[in-house]
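Contents: one structure, followed by commentary.
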Amino acid sequence: MKIVDIQPWVIEQELENPFYFSQWHYASRKICLVKVTLEDGTYGWGEGYGPADVIKAGIEFFKPHILGQNALETETIWQIMYLRSLDFGRSGIFQAAIAAIDVALWDVKGKVLNQPVSVLLGGVKNPVIQPYATGFYFTDAPTMEEDFIKEAELYKQQGFKAAKMKVGLGLEKDVYWVNFLSKALGEDVRLMIDANHGYNYREAYELCRQIEHLNIGWFEEPVAPDDYNGYKKLRENTSIPIAGGECEYLRHGFRRLFENDCVDIAQPDICATGGLTEVKRIATLAQAYHKDIVPHSWGTWIAISAAVHLVGNLDQNPGRMNRECPMIELDRTENPLRDDVVNHSLKFDNGFIPVPDAPGLGVDVNQEFLEKYASNNTTISGEFEVRA
Ligand SMILES: [Mg+2]
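Numbering-wise, the sequence shown is residues 8 to 395 according to this note's numbering.
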């Protein structure tokens with residue numbers, strides 16, 4: 008089943024309500040999607056995470072090397088792309104371009120074989136997934152307290168059992184807002200915090216010390232991604248579970264994270280670190296180090312659906328009858344690209360998502376909205392998509 012076309016699309020939309028986190032402000036969302044078409048007209052969709060224009064360039068670099076390949080040979084094509092870029096891109100954007108194509112290949116493979124991706128990955132070991140809500144971004148609105156309370160109430164009504172907020176504004180502000188949201192969410196919704204590597208070890212430790220009594224689900228990216236020693240020390244000195252990995256690439260990057268005992272929860276982004284083919288390998292490595300996997304996910308329903316299928320296939324580690332439902336990240340911030348452009352087959356059931364059984368990822372793209380948001384010929388802002 009030969010590949011006859013690979014078409015990247017950059018889509019962008021300005022936000023009605025800009026927001027910020029520990030690193031920078033954001034006023035628009037911008038994403039690179041890719042459509043892979045086979046000789047019989049069957050097609051699959053993929054998505055890259057990171058600077059969309061650069062990922063598009065990466066996809067165009069790989070295109071001539073994989074046109075004519077058999078789309079069902081996902082590992083063979085992955086290796087072709089990896090070896091073509093190894094000398095220049097052992098981590099970073101080239102891996103996101105590989106990821107976008109790889110996710111599209113798994114989608115089209117599922118359509119050709121009439122099977123959901125989770126079955127093709129080896130089977131559905133976790134039939135139901137628990138999404139957690141990512142939100143509570145900072146704004147300049149004077150009504151932020153009221154807005155956060157409304158947002159917390161919405162998540163509770165929607166059945167979420169966990170939600171994640173941003174930290175990294177400075178210790179005093181962080182302690183205030185973590186206490187505020189912990190109270191607003193109450194005992195039934197667990198709160199996680201994410202600093203997007205905005206602190207050094209000493210600051211991260213002090214924040215942990217002051218909020219440790221609040222039963223925080225995890226502290227994500229507390230320190231710089233290269234500060235393996237800071238991660239390790241923090242993990243040894245706090246009872247709050249430590250999470251990280253959205254800036255890490257391929258099994259080799261995650262091996263460093265695991266060998267240094269940096270995290271309790273590893274968060275590979277399927278659309279950034281080599282796609283489903285590579286994240287399945289990372290998941291196997293995580294199991295060997297007895298670490299949990301909760302993928303980082305940020306983007307359209309293509310990325311979210313890829314995470315659902317991957318987590319549906321994860322091994323139980325450790326196995327037991329009564330275990331917590333495996334999780335995925337579900338970004339709840341404003342994103343017209345996610346909600347208008349991609350149709351999906353995920354069904355939400357009081358805070359849980361059954362792994363869908365539609366062929367492939369169970370997604371399709373609305374061509375009208377794709378063209379409406381397409382910025383293939385222009386650069387509106389050139390800004391990098393915000394990290395979750
Ligand atoms: Mg994050």
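In this text, a Cβ means the ideal position worked out from N, Cα and C, and glycines have one as well.
On a predicted model such as this, the values are computed, not experimentally measured, just so you know.
Start and end of the alpha helix (DSSP H) containing residue i?
i, result
"Phe-26", "Counting along the chain, Phe-26 falls outside any alpha helix (DSSP H), though it belongs to the beta strand (DSSP E) covering 10-27."
"Tyr-162", "151-164"
"Gly-282", "282-295"
Taking residue i as the reference, which of the options has the closest Cα?
i, options, result
"Ile-454", "Pro-25, Met-8, Asp-12 and Tyr-56", "Residue 454 lies beyond the range of the chain shown here (8 to 395); nothing can be said about it."
"Asn-342", "Asp-12, Asn-24, Ile-13 and Gln-14", "Asn-24"
"Ala-64", "Gly-252, Gln-14 and Ser-35", "Gln-14"
"Ile-10", "Lys-42, Leu-40, Glu-46 and His-32", "Glu-46"
"Thr-245", "Cys-254, Ala-231, Leu-257 and His-220", "His-220"
"Arg-97", "Leu-22, Phe-187, Lys-298 and Thr-280", "Thr-280"
"Ile-108", "Val-135, Trp-52, Phe-143 and Ile-156", "Trp-52"
"Leu-377", "His-32, Lys-37 and Phe-28", "Lys-37"
"Ala-111", "Glu-227, Gly-130 and Ile-84", "Ile-84"
"Lys-70", "Thr-49, Tyr-50, Leu-79 and Val-43", "Val-43"
What does the alpha-carbon distance come out to for the pair residue i and residue j?
i, j, result
"Glu-390", "Ala-59", "Residue placement at Glu-390 is flagged as unreliable, the pLDDT there being 44, under the threshold of 50; a coordinate-derived value is accordingly withheld."
"Ile-247", "His-351", "35 Å"
"Glu-233", "Met-334", "Looking at the sequence itself, residue 233 is Asp, so the reference to Glu does not match. If you take the alpha carbons of Asp-233 and Met-334, they lie about 26 Å apart."
"Leu-353", "Lys-239", "37 Å"
"Gly-75", "Ile-62", "21 Å"
"Asn-236", "Tyr-208", "9 Å"
"Ile-309", "Val-119", "18 Å"
"Ile-87", "Gly-251", "29 Å"
"Asp-147", "Gly-358", "30 Å"
"Ile-100", "Ala-106", "10 Å"
"Gln-102", "Gly-282", "8 Å"
"Ala-313", "Leu-368", "6 Å"
"Pro-302", "Ile-200", "15 Å"
Go to residue i, then tell me how far its beta strand (DSSP E) extends in each direction, as first and last residue.
i, result
"Asp-201", "197-201"
"Phe-137", "Note on identity: in this sequence residue 137 is Gln, with Phe being the wrong assignment. Unbroken beta strand (DSSP E) run through Gln-137: 135-141."
"Leu-337", "334-338"
Indicate whether residue i and residue j have their beta-carbon atoms separated by less than 8 Å.
i, j, result
"Phe-261", "Pro-275", "yes"
"Asn-121", "Gly-319", "no"
"Ala-170", "Ala-211", "no"
"Val-372", "Val-348", "yes"
"Ile-223", "Leu-198", "yes"
"Val-196", "Phe-167", "yes"
"Asp-271", "Gln-294", "no"
Per DSSP, what kind of secondary structure is residue i in: helix, strand or coil?
i, result
"Lys-173", "strand"
"Ala-106", "helix"
"Glu-46", "coil"
"Ala-231", "coil"
"Ile-255", "According to the sequence as given, residue 255 is Glu; it is not Ile. Residue state, collapsed to three classes: coil."
"Lys-354", "coil"
"Glu-375", "helix"
"Asn-320", "helix"
"Trp-85", "helix"
Is there a Cβ from chain C that is less than 8 Å from the Cβ of residue i?
i, result
"Gln-274", "In summary, chain C is missing from the structure at hand, where a single protein chain is found."
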